[in-house]
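Read through the structure below, which is laid out as structure tokens, and then see the notes.
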Amino acid sequence: MPLPPPPAKRGAQLSSEVIDLSARRTKTRPATNAPTSAAEASRPVARLLTEQPAAASVAPIAAPAVVVEQPAARAPARQKPAAAPRTAASPSPAKKAAAKPAAPVSAKRKTMPGPARLFVLDTNVLLHDPMALFRFEEHDIFLPMIVLEELDSHKKGMTEVARNGRQTSRLLDALAGVKGADMAAGLKLDSTGYREAGGKLYFETTPLDATMPAALPQGKADNQILGVVAALEKKHTPREVVLVSKDINMRVKARALGLSAEDYENDKTLEDGDLLYSGSLQLPPDFWTRQSKTVESWQSGSHTYYRISGPIVPSLMINQFVYFEAPGEPSLYARVAEIRDKTAVLKTLRDFAHLKNAVWGVTSRNREQNFALNLLMDPEIDFVTLAGTAGTGKTLLALASGLTQVLDDRRYTEIIMTRATVSVGEDIGFLPGTEEEKMGPWMGALDDNLEFLAKGDTGGAGEWGRAATNELIRSRIKIKSMNFMRGRTFMNKWIIIDEAQNLTPKQMKTLITRAGPGTKIICMGNLAQIDTPYLTEGSSGLTYAVDRFKGWPHGGHITLARGERSRLADFASEIL
196 MPLPPPPAKR GAQLSSEVID LSARRTKTRP ATNAPTSAAE ASRPVARLLT
246 EQPAAASVAP IAAPAVVVEQ PAARAPARQK PAAAPRTAAS PSPAKKAAAK
296 PAAPVSAKRK TMPGPARLFV LDTNVLLHDP MALFRFEEHD IFLPMIVLEE
346 LDSHKKGMTE VARNGRQTSR LLDALAGVKG ADMAAGLKLD STGYREAGGK
396 LYFETTPLDA TMPAALPQGK ADNQILGVVA ALEKKHTPRE VVLVSKDINM
446 RVKARALGLS AEDYENDKTL EDGDLLYSGS LQLPPDFWTR QSKTVESWQS
496 GSHTYYRISG PIVPSLMINQ FVYFEAPGEP SLYARVAEIR DKTAVLKTLR
546 DFAHLKNAVW GVTSRNREQN FALNLLMDPE IDFVTLAGTA GTGKTLLALA
596 SGLTQVLDDR RYTEIIMTRA TVSVGEDIGF LPGTEEEKMG PWMGALDDNL
646 EFLAKGDTGG AGEWGRAATN ELIRSRIKIK SMNFMRGRTF MNKWIIIDEA
696 QNLTPKQMKT LITRAGPGTK IICMGNLAQI DTPYLTEGSS GLTYAVDRFK
746 GWPHGGHITL ARGERSRLAD FASEIL
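Numbering-wise (the numbering used here), the sequence shown opens with residue 196 and increments by one.
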């Protein structure tokens, strides 16, 4: 039944018409709205509910019939009555129950309301993350035949890509081997135990009419996948078909052909790199004024402890650094040592800016370096992550702290240093020699910092003294390749993982789990210098480690913000 057009004024006449119309609708369809055409009448009830304007569920209950059919933006503004009695025009309980689930579903999954979508996966998605098969919740997945061919061609070798290709093949074989599985009807993705996947997996079991423009060569794999997406979109109209690819050019070509394309973002730890946990927090200017009545302090050894409460406590984490700096007032630099209920305990820091606390002749030059040295020199901290731009002193601080605790304190037996061997430019080819000799060209940062540390430790001993110091330092530092880390266990070692921003989360897990009793691991990197393909600031292994270890009592992180290399390097970092 067609609805009357919205009147210019909403008086008593409109109210009577709406009540009469709603009463007639209640007799025919008590939980839904009447369709306005034969095409609408054939659609399911759930589809009609999800296609209503967003404002329909929260509109005033004076005239739901008009608000449902007309967009909320066109309705004239009016004031909501203070206490309107329930009339026949008010939505029935059945209607409220039917419309309620639509909002949380779209808010939680961030997907379009309506039927489940069909995602076509590119090969690089599965080679990047084999578990991508089970990351699409209630939606279905389609794998073109050319994707299976490319998986087969990438399965040989010992690289990360080859391992992921073999893992994907094993997962597909397990899904196809389930009793009663029918590939033509689709394989249930939750049949092997992954309950979060509620959709089905479809293969290209029948030929598809994939006609592409003549400008796209037919023999290229990417173009064949695009043809499959176009054929599926035509076949399953009006269902939404989306191509998921890590290849930017692939997504651009798909959009140029009018096809939906998205990046695979489930591997990202953070959506925005600016939201990465920095490890430090500045206390508000009125901190002592608001907390003066609830602060409890005591002395233990060389440290002072403060027990605080108030609105800032829920935002604190264990081993997070806090600082208070205000003109005319004493500064405070502390670390969160304990969080219990609504109170937190702050522990003052050791001042490594003073020469008497120098670490292998190195003193901190800024606030963040002092925070980092407090983490590196604390034997209760087993895992430290240092992030920062070039020249902030990450490698120097880690080496100086390691040499002090290996040679002076005898807390660790030796220093092991490794890094991801990803070239900035063209690869120089195979390198001769032993494992350490092959890793030598990658360890230029180690040599530069050791030269600086050895100079400051000779104490005027002359050429022979410098040579002896260099030999002693070199004997306690081992350079290892990441390729041979699997299966190893390091006990009482000081492990430095340099350039950690180029590691994937899986590689980062492999390295951190090598730690045995008494071992400390330091991960360093600059998220602005990622050289690994398909790796971003949000999906880097360094970001993954920082996010997962924050708040752990035996781990800490600090982002070094200020460069101390030279005035030239600092100026170049700002303007280039």
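We put the CB at the ideal spot given by N, CA and C, even for glycine.
Using DSSP bridges, identify the partner residues of residue 677.
-> Beta-bridge pairing links residue 677 to no other residue.
Please state if the CB of residue 593 and the CB of residue 717 are separated by a distance shorter than 7 Å.
-> yes
Exposure of residue 745, with buried meaning 16 or more beta-carbon neighbours within 10 Å = buried
Just to confirm, are residue 139 and residue 419 a CB contact at a threshold of 7 Å?
-> Since the first and last residues shown for the chain are 196 and 771, residue 139 lies out of range.
Under a three-way DSSP split, which group does residue 493 fall into?
-> Here residue 493 sits in strand by DSSP.
Kindly indicate which residue of 687, 463, 396 and 680 has the alpha-carbon position closest to the one of residue 313.
-> 396
Are the C-beta atoms of residue 691 and some chain C residue less than 7 Å apart?
-> Looking for chain C here will not work: only one protein chain is present.
Distance CB(residue 649)-CB(residue 703) smaller than 7 Å | no
How should residue 750 be labelled, buried or exposed, when 16 other C-beta atoms within 10 angstroms of its C-beta is the threshold for buried?
-> buried
Is the stretch 712-729 touching the stretch 534-552 in the sense that three or more CB pairs, one from each, lie closer than 8 Å?
-> No, the stretch 534-552 is not in contact with the stretch 712-729.
For residue 320, which residues of its own chain have a beta-carbon under 7 Å away from its beta-carbon, when the five flanking residues on both sides are left out?
-> Cβ-Cβ distances below 7 Å link residue 320 to 327, 439, 440, 441 and 459 in the same chain, with the five nearest sequence neighbours on each side left out; the list follows chain order.
Residue 610 to residue 699 span [Cα, whole Å] | 23 Å
Is residue 733 closer than 7 Å to residue 463 when the C-beta atoms are compared?
-> yes
Residues bridged to residue 500 (per DSSP) | Residue 500 is bridged to 493 and 542.
Option nearest residue 511 by Cα separation, candidates 577, 526, 527 and 532 | 532
For residue 688, the nearest candidate out of 760, 696, 612 and 731 (CA to CA) | 612
May I ask you to report which of helix, strand or coil DSSP gives residue 707?
-> The answer is helix: DSSP assigns residue 707 an H, G or I state.
List the endpoints of the continuous beta strand (DSSP E) containing residue 507.
-> Neither: residue 507 is in no beta strand (DSSP E) and is coded neither H nor E.
Pull up the distance between the alpha-carbon of residue 416 and that of residue 367, whole angstroms please.
-> Rounded to the nearest whole angstrom, the CA to CA distance from residue 416 to residue 367 is 20 Å.
Reduced DSSP category for residue 326 - H, G, I as helix; E, B as strand; rest coil = Here residue 326 sits in helix by DSSP.
State the DSSP-derived secondary structure class of residue 455, mapped to helix, strand or coil.
-> strand
Assess, as a yes-or-no matter, whether the stretch 345-362 is touched by the stretch 400-413 under the definition of 3 or more beta carbon pairs within less than 8 Å.
-> no
Once you ignore the five residues that flank residue 691 on each side, which residues in its own chain have a CB closer than 6 Å to its CB?
-> 593, 612 and 717
Examine the ligand SAM and report whether any of its heavy atoms sits within less than 6 Å of the Cβ of residue 446.
-> For the ligand SAM, the structure offers nothing, since it holds no ligand at all.
Residues bridged to residue 316 by DSSP?
-> 439
Reduced DSSP secondary structure (H/G/I, E/B, other) of residue 753 | Residue 753: strand per DSSP, three-state reduction.
Entirely enclosed alpha helix (DSSP H) segments - the stretch 693-740, minimum 4 residues | Secondary structure remark: continuous alpha helix (DSSP H) runs of at least 4 residues inside the stretch 693-740, in chain order: 700-707.
Relative to the alpha-carbon of residue 591, which residue among 693, 455 and 444 has its alpha-carbon at the smallest distance?
-> The option with the nearest alpha carbon to residue 591 is 693.
Would you list the one or two residues that DSSP bridges to residue 535?
-> 538
Going along the chain, which residues of its own chain have a beta-carbon closer than 6 Å to the beta-carbon of residue 549, five neighbours each way excluded?
-> none
Given a threshold of 16 other Cβ atoms within 10 Å of its Cβ, counted over all protein chains shown, does residue 547 qualify as buried or as exposed?
-> Flag for residue 547 reads buried.
In this structure, what does DSSP give as the bridge partners for residue 383?
-> BP columns for residue 383 point to 395.
Helix, strand or coil at residue 515 [DSSP, three-state] = Secondary structure at residue 515: coil, using DSSP grouped into helix, strand and coil.
With a CB to CB cut of under 8 Å and the five nearest residues on each side skipped, what residues in its chain are close to residue 386?
-> Closer than 8 Å at the Cβ level, and outside the excluded window around residue 386, lie 370, 373 and 376.
Under a Cβ-count criterion, where at least 16 other Cβ atoms within 10 Å of its own Cβ denotes burial, should residue 770 be classed as buried or exposed?
-> Under a 10 Å Cβ-count criterion, residue 770 is classified as exposed, with fewer than 16 other Cβ atoms of the shown protein chains found around its own Cβ.
Inter-stretch contact (C-beta, 8 Å, three-pair minimum) for the stretch 489-499 and the stretch 474-481 = no
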